[in-house]
Amino acid sequence: MNPESLHVLIAFDGSPSSMAAARSWSTWSSAQIALTATLLTVTDGAMEKEGIAPVCHPLADAVSTAQEWFARSGVKMEYVVVDGGTPATRIINEAQHRQADLIAMGTRGLSPLRGLLLGSIAAEVARGSPIPIWLMGPHAAIPATLGRRLRLLIAVDGSAHAAHAAAWAGRMAARLGEASLELFSVQPAFSPFEGMLDAAAGDFRHWGLGVGEAAIAAARHAMGDVGHQATGAVATGDAVSMILAQAEESGADVIVVAPQGVNALEQAALGSVSQSLLLSARCPILLVPRHLTIDDAD
123 MNPESLHVLI
133 AFDGSPSSMA
143 AARSWSTWSS
153 AQIALTATLL
163 TVTDGAMEKE
173 GIAPVCHPLA
183 DAVSTAQEWF
193 ARSGVKMEYV
203 VVDGGTPATR
213 IINEAQHRQA
223 DLIAMGTRGL
233 SPLRGLLLGS
243 IAAEVARGSP
253 IPIWLMGPHA
263 AIPATLGRRL
273 RLLIAVDGSA
283 HAAHAAAWAG
293 RMAARLGEAS
303 LELFSVQPAF
313 SPFEGMLDAA
323 AGDFRHWGLG
333 VGEAAIAAAR
343 HAMGDVGHQA
353 TGAVATGDAV
363 SMILAQAEES
373 GADVIVVAPQ
383 GVNALEQAAL
393 GSVSQSLLLS
403 ARCPILLVPR
413 HLTIDDAD
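Just so we're aligned, residue 123 is where the sequence shown starts under the working numbering, counting upward by one.
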């Protein structure tokens with residue numbers, strides 16, 4: 123990892139969400155960190171060979187628009203077309219081959235390209251990628267000051283994977299501009315009958331607060347010196363609704379999560395919380411995969 127540069131591979135099919143991903147990174151502005159973007163289209167086998175520009179006029183127009191965005195901002199960008207193969211696998215392989223620091227993608231695709239960047243493709247990339255993934259959900263806004271200032275809300279639950287994700291975010295923060303970091307832990311509410319058991323409910327809330335604070339402390343420890351600069355908060359209730367509310371209140375530009383679990387139907391690793399956040403959040407979701415090692419982030 124070069125501390126003075128950042129390479130983002132943007133999976134692109136011309137859909138609104140992939141356009142939003144491209145638009146986000148085309149707004150990059152930094153005097154310290156040089157951004158390189160690779161715009162990648164994976165076709166369904168209709169192209170004759172790799173490197174041939176797409177013949178689908180809506181996609182060609184979208185590519186031209188994206189190229190104009192990056193040209194106006196002065197960000198170095200190349201457009202690459204790869205033909206055939208499983209889209210998720212090609213996206214991951216290209217990102218690794220090009221030593222990308224992040225994969226950026228949307229969550230819905232265009233049917234002429236047979237599902238590129240459908241939700242299942244994003245889930246497959248999340249499952250197999252050793253590289254963090256910047257996901258633009260249907261309601262995600264483009265960060266206003268990407269490259270200059272970025273507010274990260276990091277969801278932690280006390281697991282080693284969540285602490286690992288926080289450690290990566292802490293190390294990446296300096297390359298994303300003047301970053302502010304907030305560690306946030308949500309503990310489940312006691313019970314619908316807690317009013318009948320006030321003493322027990324009070325004990326449970328106290329215990330939940332302690333668990334949340336322990337989760338934040340573990341994340342701070344994993345982050346090293348950067349962890350001391352991060353703020354922290356604990357809430358009780360539904361994880362998704364509380365994280366969304368905290369993101370709104372704090373004005374978070376991106377929510378960092380460590381996806382958990384496997385969706386048996388799609389063999390996906392987004393997890394229910396991550397999927398729900400992606401569908402509802404008004405900012406991008408940054409997934410830090412379990413495959414990523416801390417050494418990869420150095």
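For every residue, glycine included, the Cβ atom is placed at its ideal position computed from N, Cα and C.
Fair warning: this is a prediction, and the values are worked out from it, not measured in the lab.
Problem set entry | Contacts around residue 218, its chain only, beta-carbon distance under 8 Å, and the 5 residues preceding and following it disregarded | The answer, listed in chain order, is 252, 253.
Given residue 246, which residues of its chain have a CB within under 6 Å of its CB, disregarding the five upstream and five downstream residues?
210
Going by the CB atoms, is the gap between residue 409 and residue 396 shorter than 9 Å? Yes, Cβ-Cβ distance for residue 396 and residue 409 is below 9 Å.
query: Are residue 228 and residue 199 closer than 9 Å when you measure CB to CB?
result: no
Exercise for review: Check residue 424 in the structure and name its three-state DSSP category.
Suggested key: Only positions 123 to 420 of the chain appear in the structure, and residue 424 is not among them; the question remains open.
Is it buried or exposed, residue 307, if we count other Cβ atoms within 10 angstroms and call 16 or more buried? Taking every protein chain shown into account, the CB of residue 307 has 16 or more other CB atoms within 10 angstroms, so this residue is buried.
In angstroms, rounded to a whole number, what distance separates the CA positions of residue 184 and residue 244? 20 Å
Within 9 Å (strictly less), CB to CB, does residue 204 reach chain C?
As a matter of chain content, chain C is missing from the structure shown, which is built from one protein chain.
Do residue 278 and residue 288 come within 9 Å of each other at the CB atom, strictly closer than that value?
yes
Practice item. Using the DSSP secondary-structure output, state which residues sit across from residue 228 in a beta bridge. Key: 258
| request: List in chain order: all unbroken alpha helix (DSSP H) runs of 4+ residues lying wholly within the segment 141 to 210. | output: If only uninterrupted alpha helix (DSSP H) runs of at least 4 residues are considered, those enclosed by the segment 141 to 210 are 179 to 195.
Quiz item: For residue 132, which three-state DSSP category applies?
Solution: strand
Next on the checklist: Is the beta carbon of residue 220 closer than 9 Å to that of residue 148?
Outcome noted: no
**Asked** Near residue 309, what residues of its chain come up, given a Cβ to Cβ distance below 6 Å and the 5 sequence neighbours on each side ignored?
**Response** Closer than 6 Å at the Cβ level, and outside the excluded window around residue 309, lie 330, 333, 334, 358.
Nearest-angstrom beta carbon gap, residue 129 and residue 158 [assumed within contact, 8 Å]: 5 Å
Which term fits residue 261, buried or exposed, when burial requires 16 or more other beta carbons within 10 angstroms of its beta carbon?
-> exposed
With C-beta atoms as the reference, is residue 270 less than 9 Å away from residue 152?
Yes, the pair counts as a contact, with Cβ atoms nearer than the cut-off.
- Task: Measure the CB-CB distance between residue 298 and residue 268 and report whether it falls below 9 Å.
- Result: yes
Rounded to whole angstroms, what's the CA-CA distance from residue 242 to residue 405? Just pull it up for me.
20 Å
(request) State buried or exposed for residue 139, treating a residue as buried only when at least 16 other CB atoms are found within 10 Å of its CB. (result) Result: buried.
- request: Would you identify the three-state DSSP class for residue 354, choosing helix, strand or coil?
  value: strand
* Classify residue 126 as helix, strand or coil using the three-state DSSP reduction. => Assigned with DSSP and collapsed to three states, residue 126 falls in coil, not helix or strand.
key: N- and C-terminal bounds of the beta strand (DSSP E) containing residue 277   = 271 to 277
In whole angstroms, give me the CA-to-CA distance for residue 165 and residue 300. Residue 165 and residue 300 have their C-alpha atoms roughly 37 Å apart.
Distance CB(residue 146)-CB(residue 226) smaller than 9 Å: yes
Taking only the alpha-carbon atoms, compute the straight-line gap between residue 208 and residue 293 and give it to the nearest angstrom.
32 Å
- Task: Give the secondary structure of residue 264 by DSSP, where H, G and I count as helix, E and B as strand, and everything else as coil.
- Result: In this structure, residue 264 counts as coil in the three-state DSSP scheme.
What residue range is occupied by the uninterrupted alpha helix (DSSP H) comprising residue 365?
361 to 372
Residue range of the unbroken beta strand (DSSP E) whose run includes residue 289: No beta strand (DSSP E) contains residue 289, which is instead part of the alpha helix (DSSP H) from 282 to 294.
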